[in-house]
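**Q** Before we start, here is the structure in question, set down as structure tokens.
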Amino acid sequence: MNAIVALCHFCELHGPRTLFCTEVLHAPLPKGAGNGDSPGQGEQAEEEEGGIQMSSRIRTHSPAEGASAESSSPGPKKSDMCEGCRSLAAGHPGYISHDKETSIKYVSHQHPNHPQLFSIVRQACVRSLSCEVCPGREGPIFFGDEQHGFVFSHTFFIKDSLARGFQRWYSIIAIMMDRIYLINSWPFLLGKIRGIIDELQGKALKVFEAEQFGCPQRAQRMNTAFTPFLHQRNGNAARSLTSLTSDDNLWACLHTSFAWLLKACGSRLTEKLLEGAPTEDTLVQMEKLADLEEESESWDNSEAEEEEKAPVLPEGAEGQELTKCPTDFSLHLDCGNWQPRKLSVFKSLRHMRQVLGAPSFRMLAWHVLMGNQVIWKSRDADLVQSAFEILRTMLPVGCVRIIPYSNQYEEAYRCNFLGLSPHVQIPSHVLSSVGPTILNKMEAALTNQNLSVDVVDQCLVCLKEEWMNKVKVLFKFTKVDSRPKEDTQKLLSILGASEEDNVKLLKFWMTGLSKTYKSHLMSTVRSPTASAS
Numbered sequence: 000m001n002a003i004v005a006l007c008h009f010c011e012l013h014g015p016r017t018l019f020c021t022e023v024l025h026a027p028l029p030k031g032a033g034n035g036d037s038p039g040q041g042e043q044a045e046e047e048e049g050g051i052q053m054s055s056r057i058r059t060h061s062p063a064e065g066a067s068a069e070s071s072s073p074g075p076k077k078s079d080m081c082e083g084c085r086s087l088a089a090g091h092p093g094y095i096s097h098d099k100e101t102s103i104k105y106v107s108h109q110h111p112n113h114p115q116l117f118s119i120v121r122q123a124c125v126r127s128l129s130c131e132v133c134p135g136r137e138g139p140i141f142f143g144d145e146q147h148g149f150v151f152s153h154t155f156f157i158k159d160s161l162a163r164g165f166q167r168w169y170s171i172i173a174i175m176m177d178r179i180y181l182i183n184s185w186p187f188l189l190g191k192i193r194g195i196i197d198e199l200q201g202k203a204l205k206v207f208e209a210e211q212f213g214c215p216q217r218a219q220r221m222n223t224a225f226t227p228f229l230h231q232r233n234g235n236a237a238r239s240l241t242s243l244t245s246d247d248n249l250w251a252c253l254h255t256s257f258a259w260l261l262k263a264c265g266s267r268l269t270e271k272l273l274e275g276a277p278t279e280d281t282l283v284q285m286e287k288l289a290d291l292e293e294e295s296e297s298w299d300n301s302e303a304e305e306e307e308k309a310p311v312l313p314e315g316a317e318g319q320e321l322t323k324c325p326t327d328f329s330l331h332l333d334c335g336n337w338q339p340r341k342l343s344v345f346k347s348l349r350h351m352r353q354v355l356g357a358p359s360f361r362m363l364a365w366h367v368l369m370g371n372q373v374i375w376k377s378r379d380a381d382l383v384q385s386a387f388e389i390l391r392t393m394l395p396v397g398c399v400r401i402i403p404y405s406n407q408y409e410e411a412y413r414c415n416f417l418g419l420s421p422h423v424q425i426p427s428h429v430l431s432s433v434g435p436t437i438l439n440k441m442e443a444a445l446t447n448q449n450l451s452v453d454v455v456d457q458c459l460v461c462l463k464e465e466w467m468n469k470v471k472v473l474f475k476f477t478k479v480d481s482r483p484k485e486d487t488q489k490l491l492s493i494l495g496a497s498e499e500d501n502v503k504l505l506k507f508w509m510t511g512l513s514k515t516y517k518s519h520l521m522s523t524v525r526s527p528t529a530s531a532s
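Below you can see the structure in the form of structure tokens.
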């Protein structure tokens with residue numbers, strides 16, 4: 000995730016300050032970042048957790064190098080920092096984590112080295128501890144803009160027996176330029192950052208209680224209530240977070256937590272780029288998902304009696320429309336004599352063609368494309384289900400109605416793929432050996448051994464889109480425009496689908512058009528603009 004996570008503190012002497020930040024580096028480290036290691040001072044500590052390799056590098060500099068680095072650093076000068084404003088000791092190079100999976104580096108130090116990033120983090124720090132605060136001054140809030148980035152900020156208090164009000168004010172901020180991504184990550188960030196805060200507050204509370212038990216500060220302050228305030232602002236007013244929590248490994252632990260937070264938050268959400276208009280299969284799937292949601296809501300609101308009367312669909316047939324099949328033909332494949340094997344699963348259309356043989360597969364594919372009911376009888380339910388999962392790739396999503404396995408025959412209008420046990424009686428069926436044009440192209444792709452399985456799958460997708468476009472043209476021509484039969488025949492000739500089998504295929508696939516497309520055509524025809532044109 001391209002973001003920066005930082006820990007900020009409101010110092011009583013210097014105001015809002017950045018204590019510690021972790022950023023993501025996709026490119027190699029800057030020149031000289033690891034070249035200054037002396038032979039005996041390599042990686043001090045190294046551990047690996049969750050695919051991230053942790054390391055802390057120590058570099059030695061000459062006095063001239065140290066002076067130039069301090070003068071060019073975008074951070075505040077040492078004279079403007081107290082113990083409460085400082086995290087890492089002078090000369091500490093920070094922490095580096097290497098993600099082996101993605102070759103990304105997570106770098107932690109007090110301030111970002113890049114001046115522009117320093118300015119962004121500095122502004123977010125000031126706003127998180129001044130004006131952008133939720134009611135009660137403790138809790139999460141979101142703010143930002145396109146220029147300076149968007150910020151998730153969680154403010155909190157840490158107990159301190161020497162501070163005014165016995166507590167100090169801190170915040171953990173996450174900064175990134177992608178507003179939508181940050182908003183979608185809100186629940187995840189809130190839970191994980193809240194866990195880090197609870198751990199810090201728990202450690203500080205133990206130290207606070209121990210100090211109060213040894214030397215109560217409240218009574219001592221009551222005795223010196225009239226002492227001038229400025230006189231009380233001694234050196235004890237500024238205490239480091241490591242002192243407040245009594246944890247010398249605090250910054251290493253925070254680096255681990257921040258690095259994991261950036262990695263995990265970037266891995267939990269993925270983006271999909273859709274090029275062009277959605278296909279008919281995508282629209283139908285979205286419509287079916289919406290129907291399922293509406294159906295689940297109606298079931299939740301219905302009474303118990305209505306739930307008992309509601310029909311129970313077979314497994315795998317949820318959310319599928321029961322459209323009447325255009326033909327009454329059925330294809331029966333009896334695999335009752337097949338013995339269940341350990342690997343009785345079809346892997347692809349090419350694999351199925353090799354198992355069934357070219358003639359049988361062509362006959363099966365013809366019935367699938369024409370919308371005839373395919374009945375597969377077998378003792379092995381897994382084999383039947385895998386066969387239907389492969390065969391359904393030949394059809395548009397809206398034309399697929401599957402009952403994977405049943406103990407009784409189901410009519411053709413309920414499903415065009417039906418799996419049965421061997422003892423079930425079925426009606427007679429009619430077979431044909433003539434094939435539509437698309438079947439010939441599918442067989443050509445399957446028989447071409449130079450094409451891999453993935454390439455064949457893409458060929459099927461292209462063929463389905465090609466013929467679905469023909470279906471759209473025919474639907475608009477016949478159902479919307481109501482053209483005469485003579486013009487329809489001319490159109491079929493232009494589309495290269497004048498043969499009887501091609502016409503039957505187009506009419507069957509027409510039942511798989513999405514409701515979105517149909518309603519769009521109807522609304523376009525009824526609009527005044529379309530009528531005038």
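The opening residue of the sequence shown carries number 0 in numbering that gives the first Met the number 0; numbering runs sequentially from there.
Beta carbons are placed, not taken as given, at the ideal position from N, Cα and C, and that holds for glycine.
I'd like to check one pair, alanine 209 with aspartate 159: are the Cβ atoms closer than 9 Å?
**A** no
**Q** In the DSSP assignment, the beta strand (DSSP E) including proline 98 goes from what residue to what residue?
**A** Going by the sequence as given, residue 98 is aspartate instead of proline. That run of the beta strand (DSSP E) goes 94-98.
**Q** Would you call the segment 116-124 and the segment 4-14 in contact, with 3 or more CB pairs under 8 Å?
**A** yes
**Q** Can you tell me where the beta strand (DSSP E) holding histidine 113 begins and where it ends?
**A** Taken as a continuous stretch (DSSP letters only), histidine 113 belongs to no beta strand (DSSP E), as it is neither H nor E.
**Q** CB glutamate 279 to CB glycine 397, shorter than 9 Å?
**A** yes
**Q** Is there a C-beta anywhere in chain D that falls below 9 Å from the one on arginine 16?
**A** Protein chains in the displayed structure number just one, and chain D is not present.
**Q** Output yes or no for whether 9 Å exceeds the beta carbon distance between arginine 391 and isoleucine 402.
**A** no
**Q** Here's the rule: buried if 16 or more other CB atoms are within 10 angstroms of the residue's CB, otherwise exposed. What is isoleucine 179?
**A** By the neighbour-count rule (16 or more Cβ atoms within 10 Å), isoleucine 179 is not buried but exposed.
**Q** Does DSSP put lysine 158 in a helix, a strand or coil?
**A** Correct three-state label for lysine 158: strand.
**Q** Per DSSP, proline 15 forms a beta bridge with which residues?
**A** Phe9
**Q** May I ask which residues mark the beginning and end of the beta strand (DSSP E) holding phenylalanine 416?
**A** 416-419
**Q** Three-state secondary structure (DSSP) at alanine 173?
**A** Strand.
**Q** With isoleucine 437 and leucine 473 assumed to form a contact (beta carbons below 8 Å), what rounded beta-carbon distance in angstroms separates them?
**A** 14 Å between Cβ atoms; not a contact.
**Q** For my contact list, cysteine 568 and phenylalanine 360 are in at a C-beta cut-off of 8 Å; report their separation, rounded to the angstrom.
**A** Residue 568 is absent from the model: the chain starts at 0 and stops at 532.
**Q** Which partner residues of glycine 138 appear in the DSSP bridge assignment?
**A** Thr154
**Q** Using the C-alpha atoms, what's the distance from aspartate 500 back to threonine 326?
**A** Caution applies to threonine 326, whose pLDDT of 41 falls short of 50 and renders its modelled position unreliable; the model cannot decide the point.
**Q** Determine the burial state of histidine 108: buried for a count of at least 16 other Cβ atoms within 10 Å of its Cβ, exposed for fewer.
**A** buried
**Q** Classify glutamate 22 as buried or exposed, calling it buried when 16 or more other Cβ atoms lie within 10 Å of its own Cβ.
**A** buried
**Q** Tell me the rounded alpha-carbon separation between histidine 97 and cysteine 81.
**A** 32 Å
**Q** Taking the C-alpha atoms as reference points, what is the distance between leucine 181 and methionine 175?
**A** Each residue's Cα considered, the two are about 7 Å apart.
**Q** Kindly identify the DSSP beta-bridge partner or partners of arginine 352.
**A** DSSP, once it has assigned bridges, lists no residue as partnering arginine 352.
**Q** Less than 8 Å between C-beta atoms, sequence neighbours within five positions excluded: which residues of the same chain meet that for leucine 450?
**A** Ala444, Cys458
**Q** Give the straight-line distance between the Cα atoms of serine 420 and tryptophan 375, rounded to the nearest whole angstrom.
**A** 8 Å
**Q** Can you look up lysine 517 in the DSSP assignment and give me helix, strand or coil?
**A** helix
**Q** How big is the Cα-Cα spacing for alanine 289 and serine 405?
**A** 27 Å
**Q** Straight-line CA distance for leucine 261 to aspartate 456?
**A** 37 Å
**Q** Can you give me the start and stop residues for the beta strand (DSSP E) that arginine 180 sits inside?
**A** Contrary to the premise, residue 180 reads as tyrosine rather than arginine in this sequence. Looking at the DSSP string, tyrosine 180 is not in any beta strand (DSSP E); the run it does join, the alpha helix (DSSP H), is 178-183.
**Q** Could you round the C-beta distance between proline 139 and leucine 189 to whole angstroms and report it? I think they count as a contact, below 8 Å.
**A** Their Cβ separation, rounded to whole angstroms, is 5 Å, which keeps proline 139 and leucine 189 in contact under 8 Å.
**Q** Can you name the start and end residues of the beta strand (DSSP E) that valine 373 belongs to?
**A** 372-377
**Q** Would you say serine 245 and methionine 0 are within 9 Å of each other, going by their C-beta atoms?
**A** Inclusion of serine 245 and methionine 0 in the CB contact set at 9 Å is not warranted, their separation being larger than that value.
**Q** Could you give the distance in angstroms between the alpha-carbon of glutamate 120 and the alpha-carbon of lysine 205?
**A** Before going further, note that residue 120 is valine rather than glutamate in the sequence given. Roughly 31 Å separates the two Cα atoms.
**Q** Using three-state DSSP, classify glutamate 22 as helix, strand or coil.
**A** If DSSP states are grouped into helix, strand and coil, glutamate 22 belongs with the strands.
**Q** Return yes when the Cβ of valine 150 is within less than 9 Å of the Cβ of phenylalanine 156, no when it is not.
**A** no
**Q** Any heavy atom of the ligand HEM closer than 8 Å to the CB of leucine 24?
**A** Here there are no bound small molecules, and the ligand HEM is not part of this structure.
**Q** DSSP puts serine 405 in a beta bridge; with which residues?
**A** Leu419
**Q** Figure out for me which residue from Ser170, Pro395, Gln166, Val502 has the closest Cα to the Cα of valine 4.
**A** Ser170
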